[in-house]
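What follows is a set of notes on a single structure, which appears directly below.
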Amino acid sequence: MPTSSSTTTTAATRGGTPAILSQYLVAAYKELLSAAHTKFFEAESAHTTAQQQLAQRLLDSEAARRVLERERDVEDMAAQNVEMAKLCRGHEEMTALAARVSSLEGELRAATLASQQKTSALEITLAKLLDDNIVRTALKDMNDDMLSQISALEQQVLAMEARHSQDNFATLKAVLGLDMTDGELQTKVHVMSSEMAAMRYELVKLTSKQALRDGNQRRSK
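For the sequence shown, our numbering begins at -3 and goes up steadily by one.
Spelled out as structure tokens, the structure:
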């Protein structure tokens, strides 16, 4: 009996070893599968987080780009405002220059009229008192004075025209950058040029009359 019991126990032990190994293998497989699932979920979570971070970075980059564009637009607008202010100042200077030219034209017209009146008075006096040496001497002095005034007026006109041409060219160039079709300004410049030409013609007439009178005086002597 003892021998039979020992034999049975030994057989049972040998038959149970594969079952225990199978249990160990199944448990190890389950642990590996669980670990694999955990790693997969962790990797998926990390991937999702990375995608979210990338999307946020793209949004931040786009926002930064828009901010930079707005700053550049503000800088460009500021530069344009500076240029506009310069052109406005140039236009104001042009207006002041035109007013000054107009004033000088008025002075020149007044001086021309006064010279014409003096010339008429001198012609009448010369016709009445041609033989009077004292009167001729006085007339000569007055004529010399008138010639000096005419010469000074001519120099003033020439200087005014030169200064006006230089200032007008620079200012007109700046103003035309603001408005390329400023017809009123072009008309004003044309009118001023015509008036100056008329003034020069009057001065030439006065000079010719004075030369004629000088010739008459020399012949009368």
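Even for Gly, the Cβ is constructed at its ideal location relative to N, Cα and C.
Quick check: Leu104 and Leu154, are their CB atoms within less than 8 Å of each other? Looking up residue 104 in the sequence shown gives position 108. Looking up residue 154 in the sequence shown gives position 158. Not closer than 8 Å, so no.
May I have the straight-line CA-CA distance separating Lys26 from Lys35, to the nearest angstrom? Numbered from 1 along the sequence shown, position 30 holds the residue referred to as residue 26. Numbered from 1 along the sequence shown, position 39 holds the residue referred to as residue 35. Taking the straight line from one Cα to the other gives about 14 Å.
Can you name, in chain order, every residue of its own chain whose Cβ lies under 7 Å from the Cβ of Ile146, other than the five neighbours on each side? The residue labelled residue 146 in the question sits at position 150 within the sequence shown. Contacts found: Ser111, Leu199, Leu202 and Thr203.
Considering only residues of the same chain and omitting the five flanking positions on each side of Lys82, which have a CB-CB separation below 6 Å? Locating residue 82 in the sequence shown gives position 86, where the first residue counts as 1. There are no such residues.
Hey, how far is the Cα of Val78 from the Cα of Thr44? In the sequence shown, counting from the first residue as 1, residue 78 sits at position 82. In the sequence shown, counting from the first residue as 1, residue 44 sits at position 48. C-alpha separation (whole angstroms): 51 Å.
Burial state of Val97 (16 or more Cβ within 10 Å): For this step, residue 97 is matched to residue 101 along the sequence shown. With 16 or more other Cβ atoms from the protein chains shown falling within 10 Å of its own Cβ, Val97 counts as buried.
Taking Cβ positions, are Met195 and Thr108 nearer each other than 8 Å? Taking the sequence shown and counting its residues from 1, one reaches residue 195 at position 199. Taking the sequence shown and counting its residues from 1, one reaches residue 108 at position 112. Yes. Within cutoff.
Note down the Cα distance separating Leu54 from Ala32, rounded to an integer number of angstroms. Along the sequence shown, read from residue 1 onward, the residue named residue 54 stands at position 58. Along the sequence shown, read from residue 1 onward, the residue named residue 32 stands at position 36. Between Leu54 and Ala32, the C-alpha separation is close to 33 Å.
Please state if the CB of Leu118 and the CB of Met138 are separated by a distance shorter than 8 Å. In the sequence shown, counting from the first residue as 1, residue 138 sits at position 142. In the sequence shown, counting from the first residue as 1, residue 118 sits at position 122. Contact: yes.
Taking Leu100 as the reference, give the member of Ser190, Ala24, Asp56 and Met156 with the closest Cα. In the sequence shown, the residue the question calls residue 100 occupies position 104. Considering only alpha carbons, the answer is Met156.
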